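Peer 1:
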Amino acid sequence: MFVGPPELPTGYRARTQEDKDPNIDLDSLDIPVNAVATALKDFFSKKLPPLLDEASMAQLEDIATMRGCIAGGVELKDRSWRLLALRALLHTALTPLARTTLDYLLHHFARVADNSKLNSMDSKNLAICWWPTLLPVQFSDMGRFEMTRPYLEDIVQTMIDQHPFLFRGQEAFVMV
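So the sequence shown is numbered by UniProt numbering: it starts at 1 and just counts up by one.
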């Protein structure tokens, strides 16, 4: 369900509505990157339903913390298992619209991270900024938050770094 574009700060919104030009050049508005990011985060958190339902979020937490994969009575703590489990979850739990949206957004984040020498936003910084928006978990206490937060940050960083593998069927990148 599409509910409209993110809200721009009032001054920029007024300039775009004055013109009523469908071919408006957004670059000419000179909107600061942080204003666009804030509008986009607001759109994701307030106007869209969560990308994953509660049950899928619980599965994602298990994958992020590498809990729940048992083979031969031994719990596996392997990052390659985690990557395969994450890809399977994203393919089965996301609606087609949510999958396309997340694919597009993570592709953009990967491009931003590729230019981190220019913009100081590597995949880790992007994950720190975006995990609460992309993975809205309701925490009942600060202890659980502090215990889970690093894993959720890491899973979003993995989604950025491994975007081609997770969403486009390409080979996984070996991280050294």
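All C-beta atoms in this analysis are idealised placements derived from N, C-alpha and C, irrespective of residue type, glycine included.
These figures come from a predicted structure and were not determined experimentally.
Between Q59, S45 and L106, which lies nearest to S123 when the distance is taken from Cα to Cα?
Peer 2: Out of Q59, S45 and L106, L106 has the C-alpha closest to the C-alpha of S123.
Peer 1: Just the Cα atoms here: how many angstroms apart are L126 and D78?
Peer 2: Distance between the alpha carbons of L126 and D78 is about 24 Å.
Peer 1: Contact check, L52 vs A85 under 8 Å by CB: the rounded distance?
Peer 2: 14 Å between Cβ atoms; not a contact.
Peer 1: If you draw a straight line from the C-alpha of Y12 to the C-alpha of V33, how long is it?
Peer 2: For Y12, the predicted model reports a pLDDT of 49, less than 50, meaning its position is unreliable; a value from the coordinates is still stated below. The straight-line gap from Cα to Cα measures roughly 13 Å.
Peer 1: Starting from the N-terminal side, write out each stretch of the alpha helix (DSSP H) that is 4 residues or longer and does not extend beyond the stretch 111 to 142.
Peer 2: As far as the stretch 111 to 142 is concerned, its whole alpha helix (DSSP H) runs of at least 4 residues are 116 to 119 and 123 to 134.
Peer 1: Along the chain, where does the alpha helix (DSSP H) that runs through D62 open and close?
Peer 2: Per DSSP, D62 belongs to the alpha helix (DSSP H) from E54 to A64.
Peer 1: Return helix, strand or coil for K47, following the three-state DSSP convention.
Peer 2: Of the three classes helix, strand and coil, the one that applies to K47 here is coil, per DSSP.
Peer 1: Quick one: using the 10 Å Cβ neighbour count with 16 as the cut-off for buried, is L83 buried or exposed?
Peer 2: Label assigned to L83: buried.
Peer 1: Would you kindly check if the distance between the Cβ of A64 and the Cβ of I128 is under 7 Å?
Peer 2: Contact flag unset, no.
Peer 1: Count Cβ pairs between the stretch 138 to 154 and the stretch 164 to 174 that sit closer than 8 Å; are there 3 or more?
Peer 2: The answer is no - the stretch 164 to 174 does not touch the stretch 138 to 154, with fewer than three Cβ pairs under 8 Å.
Peer 1: Starting from residue 178, follow the alpha helix (DSSP H) in both directions and report where the run begins and ends.
Peer 2: The question about residue 178 has no answer here: the residues shown for the chain are numbered 1 through 176.
Peer 1: Would the beta-carbon of S45 be found less than 6 Å away from any heavy atom of the ligand FAD?
Peer 2: Only the bare structure without any ligand can be found here, which leaves the ligand FAD out of the picture.
Peer 1: When the Cα atoms are used, what is the spatial distance from L60 to L90?
Peer 2: Using only the alpha carbons, I get a separation of about 9 Å.
Peer 1: Evaluate residue 224 with the Cβ neighbour count: other Cβ atoms within 10 Å of its Cβ, from every protein chain shown; 16 or more gives buried, anything less gives exposed.
Peer 2: As shown, the chain starts at 1 and ends at 176. That puts residue 224 outside it, with no answer to give.
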